[in-house]
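*Asks:* Please find one structure pasted underneath; my questions will follow.
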Amino acid sequence: ILGNNIIGPYFFEQHLNAENYLTFLQNDLPNLLRHINNDLLNRMWFQQDGAPAHRSRNVTNFLNNRFRNRWIGMGSRTHEWPPR
8 ILGNNIIGPY FFEQHLNAEN YLTFLQNDLP NLLRHINNDL LNRMWFQQDG
58 APAHRSRNVT NFLNNRFRNR WIGMGSRTHE WPPR
């Protein structure tokens, strides 16, 4: 949910792993967000849980570059989730 918008759903064709999750973040998520105005996108926070695919170095590097300090999850620089 983003503002008054429901984003998705998105279904993975195969078992979730770091490689296909990163592909989703790079290619499919932008398509799901294409109708959202830039002002809202620039204020958006991204949250994920502690699934192994979410914790890979490539995924956290991508999130750090794309969302800066606006993402919540294991490996986040500012908002570790789930809390320990």
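Just add 7 to wherever you are in the sequence shown, counting from 1, and you've got the working numbering. Every residue, glycine too, gets a C-beta built ideally from N, C-alpha and C. From a predicted model like this one, the values you see are computed outputs, not experimental measurements.
Using a Cβ-Cβ cutoff of less than 7 Å, which residues in the same chain neighbour THR85 once the five nearest sequence positions on both sides are dropped?
*Replies:* Against the sequence shown, residue 85 aligns to sequence position 78. ASN76.
*Asks:* For LEU36, which residues does DSSP report across the bridge?
*Replies:* Your numbering for residue 36 matches position 29 in the sequence shown. Answer by DSSP bridge pairing: none, since LEU36 is not bridged.
*Asks:* For ARG67, I'd like the list of residues in its chain whose CB is within less than 7 Å of its CB, leaving aside the five on either flank, ordered along the chain.
*Replies:* Position 60 of the sequence shown, counted from the first residue, corresponds to residue 67. The identity of residue 67 in the sequence shown is Thr, whereas the question assumes Arg. Result list for THR67: GLY82, in chain order.
*Asks:* Between the stretch 51-67 and the stretch 21-40, do three or more beta carbon pairs fall short of 8 Å?
*Replies:* With a cut-off of 8 Å, the stretch 21-40 and the stretch 51-67 count as touching, because enough Cβ pairs lie within range.
*Asks:* Helix, strand or coil: which one does DSSP assign to LEU29?
*Replies:* Indexing the sequence shown from 1 puts residue 29 at position 22. If DSSP states are grouped into helix, strand and coil, LEU29 belongs with the helices.
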